[in-house]
Structure formats: C-alpha cells, structure tokens
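In our numbering, the protein residues as written are 102 to 363.
Quick reminder that beta carbons are idealized off the backbone N, C-alpha and C, glycines included.
As the structure is a computational prediction, the values presented were derived from the model and not from experiment.
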Ligand SMILES: [Zn+2]
Ligand SMILES: [Zn+2]
C-alpha cells in the first residue's frame, strides 16, 4: 500500500513500478512460451494458426498502459481511503483468524467472478460490444500481452467489484496482494495460448470447476460462451459453456488441429 503524501506523486510512482513489473513478467512468459517454446510446446498449442504479429502486440501494449493507469488510480484511491480510516481494511493480523482470511479470499474470488460474468455477458450485447469490448476481442490468437488489452471503460468496470467490499467487509490488507497475484496468474494462464494443465484437470473437483487456458481461448475464437473468469460454474449453471470445451481441452495440439481449423 502506498504512503506518499501527494496523490499525483503516488500515482506516478505506482504506475511506473506496476507497469515495469507487469511488462517484465508478461514479457518473460511470452519469451519462454511463445519464442523459446515455439517448437518445444507445439503439442500444447491451442489454436492451429499462429496469427500474432507485431501490430497486434503494439495494440495490446498500448491498451495495457491505459488499463494499468486505471488500476493504479484505483489503488491510489483505495490507499487514500484506507489512510483516512474509511475502509474496513486492516493490517492488524491479530484481528483475523487464518480461516477467516482464506474465506475472505475465496469469497471475494466468487463474488468477483459473478461480477465479471454478468458484465462480460452485458459487454457482449451489440451496443456495448461495438463500443467497448471489441477492443479486447481484436486479439483472437491470444497471448500474454492480450491480458489487459481493454477499452478504458472495461478496465474500470471489471476492476471495480472490490470497492463496495472494502467499505463493508473487514479484510486483512495482505489478502488484497494475494488476490492481485492470483488474478494476474489466472489472467495470464487464460491468455497463454497454450494448454499445459494435465488432462485429469477437468475430471476432478475442485479443479474441474475452474477455468483453463483452453476455456478462455475458446471464448476468443467462438466470440460467445465461456464468459467466466476463474470458474466454470456460472457458465454451466446458466447454459453458456461452449459445448466442445472438454473435448478441446483433452485433445489440444496436433490431435486437435487435425480436426479443427481454428
Ligand atoms: Zn468477451
Ligand atoms: Zn480475454
């Protein structure tokens, strides 16, 4: 959490730190999986055609800077509210039990996923899709740089589920950091373009309730269905899961490409 006095100074310092840190992590994943691993990981590749080009990457990085600026502004606002004692955030570990901290993390992931699912379906309505969500879907062959390639409105709305929670529910401050790391890991996995999870993953709970790289990749190629972020169950409960999801997850690589031209 930030502690500098001037909000603008806080913003710029945090923006530079976040942007450098984020681009280093995403760049390393891209180099390892997409460059170094291009041949080695061919059998894990989800889409047959490689369509990423420099133009797509520049477009994605440009949008990512906007998303990170909005995320940083949110973090600064949260810091200021916390410093003013307006939130229910607390850095005092003795005020929490360990199971309470874990429950708050899982509870927020569930709430955030419902928030994401509902907004994601709205963003696919034609009016909002054309004006907002089409930016994210310009990336069809998704890669780690696609993660935060959003229109500013989408960047704001998808990240805002945390605000009411901070004012209503006591949360241990480091749990926010854990949520941020989990969110980023899940997002990078969803846009990896390669499926590295074992084939039993979709058979055994709790893993079978969770998202995979194939799950979100299908959202980008089919353009509808698989709207969830962390979990599958909202899509399953509301009948929006892409029917061939499990088959695609199991096949992947050469077996998949022999029967699929995506
Ligand atoms: Zn979408
Ligand atoms: Zn996506």
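Own chain partners of residue i with C-beta closer than 7 Å, once the 5 adjacent residues on each side are dropped
i           : result
residue 354 : 143, 144, 145, 146
residue 173 : 112, 115, 116, 119
residue 311 : 331, 332, 333
residue 291 : 312, 314, 317
residue 240 : 157, 161, 247, 250, 321
residue 70  : Because the chain here runs from 102 to 363, residue 70 falls outside it and cannot be looked at.
residue 223 : 229
residue 351 : 300
residue 151 : 242
residue 324 : 238
residue 153 : 242, 244
residue 279 : 206
Bridge-paired residues (DSSP) for residue i
i           : result
residue 295 : 146
residue 311 : 332
residue 273 : 191
Beta-carbon proximity list for residue i, same chain, < 8 Å, skipping 5 on both sides
i           : result
residue 169 : 116, 119, 120, 123, 249
residue 166 : 120
residue 194 : 273
residue 266 : 209, 212, 272
Three-way DSSP call (helix, strand, coil) for residue i in this model
i           : result
residue 332 : strand
residue 249 : coil
residue 305 : coil
residue 174 : helix
residue 163 : helix
residue 327 : coil
residue 343 : coil
residue 363 : Its pLDDT being 48, under 50, residue 363 is placed unreliably by the model, and nothing is read from it.
residue 320 : helix
residue 255 : helix
residue 180 : helix
residue 225 : coil
residue 243 : coil
residue 139 : coil
residue 238 : helix
residue 352 : helix
residue 117 : helix
residue 110 : helix
Sequence-distant residues of its chain with Cβ nearer than 6 Å to residue i (five each side left out)
i           : result
residue 183 : 190
residue 298 : 313
residue 335 : 218, 329
residue 302 : 308
9 Å Cβ cutoff, residue i in contact with chain C
i           : result
residue 309 : The structure shown contains no chain C; it is built from a single protein chain.
> What are the start and end residues of each continuous beta strand (DSSP E) run of 3 or more residues lying completely inside the segment 184-223, in chain order?
Replying inline: none
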